[in-house]
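From first to last, the protein sequence lines are chains A and B.
Here the first sequence stands for residues 62 to 481, numbered as in my numbering.
Here the second sequence stands for residues 62 to 481, numbered as in my numbering.
Report on one structure; see the data block that follows.
2 protein chains.
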Amino acid sequence: MPDGSGVDVAALDQDIDRANAGAIDRICHAGAWLVDLQPARDLIDIGNDEFLHAGPPLAGWQEACGPLKGAVIANLIERGRAATFEQGEEIAASGAIRLVSASTKNVAATAGGVIAAETQLFVMKDKVFGNVGFAAINEGRGHALRYGSYDIETRQKYRWMESEFATSFRESLKRLGEIDILAILRQALNMGDEGHSRQKAASAMIANTVAPYMPTRNADIFERVMRFLCANEIFFLPLTMAAGKAVMASARNIPNCSIVTAMAGNGVDWGIQIGGRDDEWFTAPVPPLKGLYFEGFTEADASPVMGDSEVAESMGLGALAIAAAPALARYMGGTVSEAYKLTERMYAICVSEHPTFKIGTLEFRGTPLGIDVRRVVKTGISPIFNSGIAHREPGIGQIGAGYGVVPFECCRAAAASLYR
Amino acid sequence: MPDGSGVDVAALDQDIDRANAGAIDRICHAGAWLVDLQPARDLIDIGNDEFLHAGPPLAGWQEACGPLKGAVIANLIERGRAATFEQGEEIAASGAIRLVSASTKNVAATAGGVIAAETQLFVMKDKVFGNVGFAAINEGRGHALRYGSYDIETRQKYRWMESEFATSFRESLKRLGEIDILAILRQALNMGDEGHSRQKAASAMIANTVAPYMPTRNADIFERVMRFLCANEIFFLPLTMAAGKAVMASARNIPNCSIVTAMAGNGVDWGIQIGGRDDEWFTAPVPPLKGLYFEGFTEADASPVMGDSEVAESMGLGALAIAAAPALARYMGGTVSEAYKLTERMYAICVSEHPTFKIGTLEFRGTPLGIDVRRVVKTGISPIFNSGIAHREPGIGQIGAGYGVVPFECCRAAAASLYR
Chain A
62 MPDGSGVDVA ALDQDIDRAN AGAIDRICHA GAWLVDLQPA RDLIDIGNDE
112 FLHAGPPLAG WQEACGPLKG AVIANLIERG RAATFEQGEE IAASGAIRLV
162 SASTKNVAAT AGGVIAAETQ LFVMKDKVFG NVGFAAINEG RGHALRYGSY
212 DIETRQKYRW MESEFATSFR ESLKRLGEID ILAILRQALN MGDEGHSRQK
262 AASAMIANTV APYMPTRNAD IFERVMRFLC ANEIFFLPLT MAAGKAVMAS
312 ARNIPNCSIV TAMAGNGVDW GIQIGGRDDE WFTAPVPPLK GLYFEGFTEA
362 DASPVMGDSE VAESMGLGAL AIAAAPALAR YMGGTVSEAY KLTERMYAIC
412 VSEHPTFKIG TLEFRGTPLG IDVRRVVKTG ISPIFNSGIA HREPGIGQIG
462 AGYGVVPFEC CRAAAASLYR
Chain B
62 MPDGSGVDVA ALDQDIDRAN AGAIDRICHA GAWLVDLQPA RDLIDIGNDE
112 FLHAGPPLAG WQEACGPLKG AVIANLIERG RAATFEQGEE IAASGAIRLV
162 SASTKNVAAT AGGVIAAETQ LFVMKDKVFG NVGFAAINEG RGHALRYGSY
212 DIETRQKYRW MESEFATSFR ESLKRLGEID ILAILRQALN MGDEGHSRQK
262 AASAMIANTV APYMPTRNAD IFERVMRFLC ANEIFFLPLT MAAGKAVMAS
312 ARNIPNCSIV TAMAGNGVDW GIQIGGRDDE WFTAPVPPLK GLYFEGFTEA
362 DASPVMGDSE VAESMGLGAL AIAAAPALAR YMGGTVSEAY KLTERMYAIC
412 VSEHPTFKIG TLEFRGTPLG IDVRRVVKTG ISPIFNSGIA HREPGIGQIG
462 AGYGVVPFEC CRAAAASLYR
């Protein structure tokens, strides 16, 4: 029945329901196979002066938060374009570099982890619908470029990771052919991971998958590569992110679809995307995080949230599956039964349950899948997301981890866009 | 107050409480470090005609169940002492070999997995109290000597495992020095393992631990070794068993101690040992298992339970910690909340809770630790244990997995022994 605006809301709602059902069907049939690891310049359209950042597009350098600044400047120093931090900052501020939202290339970036032309990217292919997602190698816990550290050890480690490590990993992958990343995620959910902030089981499994095929010609290189790989408990995170990009791309460009296909922060704004409004971001100021800070740090030290890793939540993982990860729930300051309640609330705003991502502690119920912005508006329940916390100043790095709530305004605006 | 028997029960109960408190203190302080992998003959007193079997002592070959017979005969064929199965059986029945309970050497054996003089044994050292436990390498799922398979592929795989694999593993261990096995178990409990039948997380972690130090001189050997190690989801089981032997030895030989230090089956009888009655077994006919059978098999095909792996339960793992392993609980035919109840019942018969083995789904309560046979008698609640199920005929192998209940009679007799 048409209302005064000339829009037939009931008919449109039915169209949206149909679009969403189609989107869920595609998401559930999509796959994610890790097929390669190559420099960005060989995979996507990226110039030498471009840096891909997480979240919705930034207006320019003046909007860049501390960790992002640190990472860009470290990159300029690494490439010999700047000798000091101050010089790097000057170059960046002069307009000689360009910040571009990674999402425009279906790349998932992390906090300050900018992606330059030479950055090694995992290539994640959905062989069903042909979409491809990308993400950079994870440096492990402690000081990391992606959290804004740029000291000499951090930079040396990063350089090694992008060269010696990447070469070895690529060779093992070539021998394997491909790795089914969703199969590992399914198992990891039975092993205490929620598929976003906790990646301990999935990281152990990917290490075991590639280990037999690692090049052994040089024993020293082999040992360095394997020590890094086997000790990095969040190595799998970018694989989840790239898989999220590949899988959720199957729900993009579906007219009338009200399902969230991405959520991300750029350090200033938080944004979401929905299937029916491709490339449009619905934004609001970044929300604060609830969580635990490492000793000596407080909320006042925190950088505003930045990262694309919440694409995990959009495919039914992360905070939406927190009930699967008691050890993480406790780390985030709550009890385990509170974590069950967090997941249970998310079912109210999702249109489906994941057919193969199952939560043991909820008697193997599928994870909440397909956040419908209309349901968020109707119930007033906003989606939650997990995130690491970076220090607001460049050069310090990760200072905690926690979870946040998507600003209601993002979902309200996204829903309204479908009734325009 | 003395009763008619001349025994002062109240005073004795206080002595038992004190003994148990001392035993728990020792169990909680004991450690388990994997330090070596060597042939049994270099580690323990074992003759060339001796075969160590699981559980309480058997009277002789006539008592050996199908899987045990299969494993002994396969061993005779492997060593060139028999050409055929029939010939092997003849030799074994003639009295030319001797079956010895593995527990007399602080070795943990598995189902039909007999241990001969040349069998490679993991050496698990408790550096705190100086005890050492041993167990043989696990062959992985599918056909396995330890479940009574003895076909040519099973034997070839076993021979390879005991030679090429053992040599590589030993070398990586030498470079590492030692591995803290309890530290891995603590993490595995947060990753969906219960530390006995499900060893998926712990197996992935031990592979990650040794991988960087594996010998790489021969690329083919490296690949074979790593493919076996990284695909074997129960590789860690014998490490848990040897750790159980090392740790629980600290509670042996404590006068008046009523805590169970071992439980095991020999295919005929089920037996338990308690700290206050060293080397004495309290036995009853083996109980049936509740569980799931692989397609095509039923309870009628099952061999009576045989194995020492239930030493895991005596140190607070396995069925006592089943609440930590939703995926296993479901496999065993129950719901996850039923698994919570199984663990919760076990607290009633245990004197303590493990200080570092924690169950996330029970809000990180310590696992039930220290089964007190007096409490079993008082409450009528018998301890439970997890187990694989072997076919009763030699040559077929594993046909399922499940859990059983320790015969009440074992606990009653053990408790009574302390009041004699």
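Glycine included, every Cβ here is placed at the ideal spot set by N, Cα and C.
Please read all numbers here as calculations on a predicted model, not as lab measurements.
Between the Cα of residue 327/A and those of 174/A, 299/A and 469/A, spot the shortest distance and give me the residue it belongs to. Mapped onto the first sequence, residue 327/A falls at position 266. Checked all of 174/A, 299/A and 469/A; the closest Cα to residue 327/A is 174/A.
Among the candidates 434/A, 390/A, 460/A and 71/A, whose CA atom is the shortest distance from the CA of residue 444/A? Position 383 of the first sequence, counting from 1, holds the residue named residue 444/A. For residue 444/A, the nearest C-alpha among the options comes from 434/A.
How would you call residue 254/B, buried or exposed, if buried means at least 16 neighbouring beta carbons within 10 angstroms? Within the second sequence, residue 254/B is the residue found at index 193, counting from 1. When all chains shown are included, residue 254/B counts as buried.
Can you check which of these residues, 402/A, 355/A, 423/A and 346/A, is closest to residue 116/A by C-alpha distance? Indexing the first sequence from 1 puts residue 116/A at position 55. For residue 116/A, the closest of 402/A, 355/A, 423/A and 346/A by C-alpha to C-alpha distance is 346/A.
Among 118/A, 305/A and 109/A, whose alpha-carbon lies nearest the alpha-carbon of residue 140/A? If you number the first sequence from 1, residue 140/A lands on position 79. If we check each option's Cα against that of residue 140/A, 109/A comes out closest.
In the stretch 423-439 of chain A, which residues sit with their C-beta less than 9 Å from some C-beta in chain B, listed in chain order? Those residues of the stretch 423-439 of chain A placed with their C-beta closer than 9 Å to a C-beta in chain B are 423, 424 and 425, ordered along the chain.
In whole angstroms, what separates the C-alpha of residue 481/A from that of residue 440/A? Start at 1 with the first residue of the first sequence, and residue 481/A comes out as number 420. Start at 1 with the first residue of the first sequence, and residue 440/A comes out as number 379. Cα to Cα, residue 481/A sits roughly 21 Å from residue 440/A.
Presumed contact (8 Å Cβ cut-off) between residue 299/B and residue 198/B, rounded CB distance: Within the second sequence, numbered from 1, the residue matching residue 299/B stands at position 238. Within the second sequence, numbered from 1, the residue matching residue 198/B stands at position 137. So it is a contact: roughly 6 Å between Cβ atoms.
Closer than 8 Å to chain A by CB, residue 351/B: As a working note, residue 351/B is residue 290 in the second sequence. Residue 351/B does not count as touching chain A.
List the residues of chain A whose Cβ lies closer than 7 Å to the Cβ of residue 277/B, in chain order. Residue 277/B sits at position 216 when you count from the first residue of the second sequence. Residue 277/B reaches chain A at 277, 280 and 283, counting residues in chain order whose Cβ is nearer than 7 Å.
By alpha-carbon positions, which one of 167/A, 97/A and 99/A ends up nearest to residue 113/A? Residue numbering aside, residue 113/A sits at position 52 when the first sequence is read from its first letter. Relative to the Cα of residue 113/A, the nearest Cα in the group 167/A, 97/A and 99/A belongs to 167/A.
Going along chain A, which residues have a C-beta under 7 Å from residue 391/B? Here residue 391/B is taken as the residue at index 330 of the second sequence, counted from 1. Here the neighbours are 425.
Please return the same chain residues whose Cβ sits closer than 7 Å to the Cβ of residue 315/B, not counting the five positions on each side in sequence. The count along the second sequence starts at 1 and reaches residue 315/B at position 254. Its chain contains 80, 83, 84, 336 and 337 as the residues whose beta carbon lies nearer than 7 Å to that of residue 315/B, once the 5 sequence neighbours on both sides are disregarded; these appear in chain order.
Residues near residue 78/B by beta carbon distance below 7 Å, same chain, minus five either side: In the second sequence, the residue the question calls residue 78/B occupies position 17. Excluding positions up to five away in sequence, the list is empty.
CB residue 93/B to CB residue 185/B, shorter than 8 Å? Start at 1 with the first residue of the second sequence, and residue 93/B comes out as number 32. Start at 1 with the first residue of the second sequence, and residue 185/B comes out as number 124. In this structure, residue 185/B lies closer than 8 Å to residue 93/B by Cβ.
Neighbour-count burial assignment, residue 357/B, 16 or more Cβ in a 10 Å radius: Position 296 of the second sequence, counted from the start, is the residue given in the question as residue 357/B. The residue in question, residue 357/B, is exposed, as its Cβ has fewer than 16 Cβ neighbours within 10 Å.
What's the call for residue 412/B, buried or exposed, on a 16-neighbour Cβ count within 10 Å? Along the second sequence, read from residue 1 onward, the residue named residue 412/B stands at position 351. Within a 10 Å sphere around the beta-carbon of residue 412/B sit 16 or more other beta-carbons, which makes this residue buried.
Assuming residue 446/A contacts residue 382/A under a Cβ cut-off of 8 Å, what Cβ separation, rounded to an integer in Å, is found between them? Against the first sequence, residue 446/A aligns to sequence position 385. Against the first sequence, residue 382/A aligns to sequence position 321. That pair is no contact at about 12 Å.
Between residue 464/A and chain B, is the shortest Cβ-Cβ distance under 8 Å, so that the two count as touching? For the purposes of this step, residue 464/A is identified with residue 403 of the first sequence, where counting begins at 1. Using beta-carbon distances, residue 464/A does not count as an interface residue toward chain B, since no partner is under 8 Å.
Nearest-angstrom Cα distance between residue 107/B and residue 276/B? One-based indexing of the second sequence puts residue 107/B at position 46. One-based indexing of the second sequence puts residue 276/B at position 215. Within the model, the alpha-carbon separation for residue 107/B versus residue 276/B is close to 30 Å.
Which of the three DSSP states, helix, strand or coil, is assigned to residue 221/B? For the purposes of this step, residue 221/B is taken as residue 160 along the second sequence, with counting starting at 1. Helix, per DSSP.
List, in order along the chain, the chain A residues whose C-beta lies closer than 8 Å to that of residue 396/B? What you label residue 396/B is simply residue 335 of the second sequence in a count that begins at 1. Listed along the chain, the chain A residues whose CB falls inside 8 Å of the CB of residue 396/B are 424.
Would you grab the beta carbon distance between residue 192/A and residue 310/A for me? Rounded to a whole angstrom, and I think it's under 8 Å. Residue 192/A sits at position 131 when you count from the first residue of the first sequence. Residue 310/A sits at position 249 when you count from the first residue of the first sequence. With a contact defined as Cβ atoms closer than 8 Å, residue 192/A and residue 310/A qualify at about 4 Å.
State the DSSP-derived secondary structure class of residue 364/A, mapped to helix, strand or coil. Numbered from its first residue, the first sequence carries residue 364/A at position 303. Residue 364/A: coil per DSSP, three-state reduction.
If you follow the beta strand (DSSP E) that residue 324/B is part of, which residue opens it and which one closes it? Taking the first residue of the second sequence as position 1, residue 324/B is located at position 263. If you look at residue 324/B, you'll find it in the beta strand (DSSP E) that goes 321-327.
At which residues does the beta strand (DSSP E) containing residue 159/B begin and terminate? Working through the second sequence from its first residue, we reach residue 159/B at position 98. It spans 159-162 - the beta strand (DSSP E) in which residue 159/B sits, taken as one unbroken run.
Kindly indicate if chain B contains any beta-carbon less than 8 Å away from that of residue 387/A. Taking the first residue of the first sequence as 1, we reach residue 387/A at position 326. At a cut-off of 8 Å between C-beta atoms, residue 387/A counts as an interface residue with respect to chain B.
With 16 other Cβ atoms within 10 Å as the buried cut-off, status of residue 289/B: Residue mapping note: residue 289/B aligns to position 228 of the second sequence, counting from 1. When all chains shown are included, residue 289/B counts as buried.
Report back the beta-carbon spacing between residue 200/B and residue 206/B to the nearest angstrom; my notes put them in contact at under 8 Å. Mapped onto the second sequence, residue 200/B falls at position 139. Mapped onto the second sequence, residue 206/B falls at position 145. Sure, about 6 Å apart at Cβ, within 8 Å.
Nearest-angstrom Cα distance between residue 68/B and residue 479/B? Residue mapping note: residue 68/B aligns to position 7 of the second sequence, counting from 1. Residue mapping note: residue 479/B aligns to position 418 of the second sequence, counting from 1. The straight-line gap from Cα to Cα measures roughly 11 Å.
I need the boundaries of the alpha helix (DSSP H) containing residue 269/B, first residue and last residue. Taking the first residue of the second sequence as 1, we reach residue 269/B at position 208. Its alpha helix (DSSP H) spans residues 261-271.
Using only alpha-carbon positions, find the residue among 118/B, 418/B, 170/B and 122/B that is nearest to residue 149/B. As a position in the second sequence, residue 149/B is number 88, starting the count at 1. Distance from the Cα of residue 149/B is smallest, within the candidate group 118/B, 418/B, 170/B and 122/B, for 122/B.
Does the beta carbon of residue 472/A sit closer than 8 Å to a beta carbon anywhere in chain B? Residue numbering aside, residue 472/A sits at position 411 when the first sequence is read from its first letter. No, residue 472/A does not count as interfacial toward chain B.
Indicate whether at least one CB of chain A lies closer than 8 Å to the CB of residue 302/B. Here residue 302/B corresponds to residue number 241 of the second sequence, with the count starting at 1. For residue 302/B, the closest Cβ of chain A is not nearer than 8 Å.
Between the stretch 408-424 of chain B and the stretch 222-232 of chain B, can you find at least three pairs of beta-carbon atoms closer than 8 Å? No, they do not touch.
Collapsed DSSP secondary structure at residue 411/B in the structure displayed: Counted from its first residue, the second sequence places residue 411/B at position 350. Three-state DSSP puts residue 411/B in a strand.
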